[in-house]
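Chemist:
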Amino acid sequence: MQLQDTDIRLLRVFDAIVRAGSFSAAQSVLNISASTISEHMTRLETRLGLKLCERGRSGFKLTLAGQHTYQACQQLFDSIDCFKDKMSEFHQDLRGDLHIGMIDNTISNQQMPVIDGLKQLLQRSGAVVPNIKIGTPYQLEQDVLNRKLHLAIGPFQQHIPGLEYRALYVEQHCLYCSHLHPFFESEIVTSAMLNQAAVVSRMYLFGRDLSILGVEQAAAIIDNIEAQATLIHTGHYIGFLPQHYAQQWVEQKQLKQIYPYQLSSQFYCITKAAIELSGLTQVFLDIINQHKLDD
13 MQLQDTDIRL
23 LRVFDAIVRA
33 GSFSAAQSVL
43 NISASTISEH
53 MTRLETRLGL
63 KLCERGRSGF
73 KLTLAGQHTY
83 QACQQLFDSI
93 DCFKDKMSEF
103 HQDLRGDLHI
113 GMIDNTISNQ
123 QMPVIDGLKQ
133 LLQRSGAVVP
143 NIKIGTPYQL
153 EQDVLNRKLH
163 LAIGPFQQHI
173 PGLEYRALYV
183 EQHCLYCSHL
193 HPFFESEIVT
203 SAMLNQAAVV
213 SRMYLFGRDL
223 SILGVEQAAA
233 IIDNIEAQAT
243 LIHTGHYIGF
253 LPQHYAQQWV
263 EQKQLKQIYP
273 YQLSSQFYCI
283 TKAAIELSGL
293 TQVFLDIINQ
303 HKLDD
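Right, dumping it as structure tokens:
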């Protein structure tokens, strides 16, 4: 079979459906209607002469042919990305897409090098197209492994094989309650008081926050800082937040830091190990490494 541009576009639709888990879930990702998605899939199956998935009331499920086709898609997309990277290296100026992953709510941390890094990169070349994805540490690691991202920055607690981790900076987190919480008027919060409090914990800290507080079980577990701050603001929960992020509400007397509880979070920049980085990715890494030296 000779691949055409339309085939690749149809395969990318198929890839988005599989990643989303259903036709309906893929609508928001692809920004097209369910009927259009169905039409694309019919065209792809006709083009390949294969039935790729079962769809209906029983839900979405890949056939054996669909599983093999999906794996082949990943190899194809990797090859296309490698081709783009190699071609960009032949140009004297920097050009191409740069896919960066970050966790949420790091923009107020002056140690975060992405803004200054992109500023310098875009000053060097207007042909660079940055793409930024916000996700959990686990999601970012998987996307770097699968070459959906060139690099990602976050507090990766458990290093996994296949990735290279470069230490960047340490982010300080403090324990907070809102002005609606009983602890807000307390000068001292004892360990006995903590044991009676409802603590909201971040999943990717793997219980480090609970261990610092001497609390065995969280009252709520979330996977991002925005959700944690929302629950703390209700006045029902206490929890750790990045100090730079919470400072705005401390100044407005909506949040209060509960002393002396603190947590340090090491941030890393990760890339896929054992591969040759594109020129664009390497230049960006060099810039953020210099940012680290300057701090």
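To get my numbering, take the position in the sequence shown, counting from 1, and add 12. Cβ coordinates follow ideal geometry from the N, Cα and C atoms, glycine included.
1) Would you mind reading off the limits of the alpha helix (DSSP H) that contains VAL262?
2) May I ask you to report which of helix, strand or coil DSSP gives ARG214?
3) Between which two residues does the beta strand (DSSP E) holding LEU62 run?
4) Rounding to the nearest angstrom, what Cα-Cα distance links THR224 and ARG214 in this structure?
5) Under a three-way DSSP split, which group does GLY166 fall into?
6) Restricting to Cα atoms, I'd like to know which of TYR181, LYS131 and ALA239 is closest to PRO167.
7) If you follow the beta strand (DSSP E) that GLN278 is in, where does it begin and where does it stop?
8) Report yes if the C-beta distance between ILE244 and TYR188 is below 8 Å; otherwise report no.
9) What does the alpha-carbon distance come out to for the pair ILE250 and PHE218?
10) Which residue marks the beginning of the alpha helix (DSSP H) containing SER223, and which one marks its end?
11) With a threshold of 8 Å, are at least 3 pairs of Cβ atoms found where one atom belongs to the region 265-272 and the other to the region 170-185?
12) Can you tell me which of the three DSSP states LYS230 falls into?
Modeler: Judging by the given coordinates:
1) For the purposes of this step, residue 262 is identified with residue 250 of the sequence shown, where counting begins at 1. VAL262: member of the alpha helix (DSSP H) spanning 255-263, first to last residue.
2) In the sequence shown, residue 214 corresponds to position 202, counting from 1. Under the three-state reduction of DSSP output, ARG214 falls in the strand class.
3) To locate residue 62, count along the sequence shown from 1; it is residue 50. It is not in any beta strand (DSSP E) - LEU62 carries neither H nor E in the DSSP assignment.
4) By 1-based counting over the sequence shown, the position of residue 224 is 212. By 1-based counting over the sequence shown, the position of residue 214 is 202. Note on residue identity: the sequence assigns Ile, not Thr, to residue 224. When rounded, the distance between both Cα atoms is 13 Å.
5) Indexing the sequence shown from 1 puts residue 166 at position 154. If DSSP states are grouped into helix, strand and coil, GLY166 belongs with the strands.
6) Your numbering for residue 167 matches position 155 in the sequence shown. Of TYR181, LYS131 and ALA239, the residue nearest in Cα terms is TYR181.
7) One-based indexing of the sequence shown puts residue 278 at position 266. Its beta strand (DSSP E) spans residues 267-284.
8) Here residue 244 refers to the residue found at position 232 when the sequence shown is read from its first residue. Here residue 188 refers to the residue found at position 176 when the sequence shown is read from its first residue. Contact flag set, yes.
9) As a working note, residue 250 is residue 238 in the sequence shown. As a working note, residue 218 is residue 206 in the sequence shown. Note on geometry: alpha-carbon atoms of ILE250 and PHE218 lie some 17 Å from one another.
10) Here residue 223 corresponds to residue number 211 of the sequence shown, with the count starting at 1. Looking at the DSSP string, the run of the alpha helix (DSSP H) that includes SER223 is 220-225.
11) Between the region 265-272 and the region 170-185, the count of Cβ pairs shorter than 8 Å is below three; the stretches do not touch.
12) Here residue 230 corresponds to residue number 218 of the sequence shown, with the count starting at 1. Per the sequence shown, residue 230 should be read as Ala rather than Lys. Taken through DSSP and simplified to helix, strand or coil, ALA230 comes out as coil.
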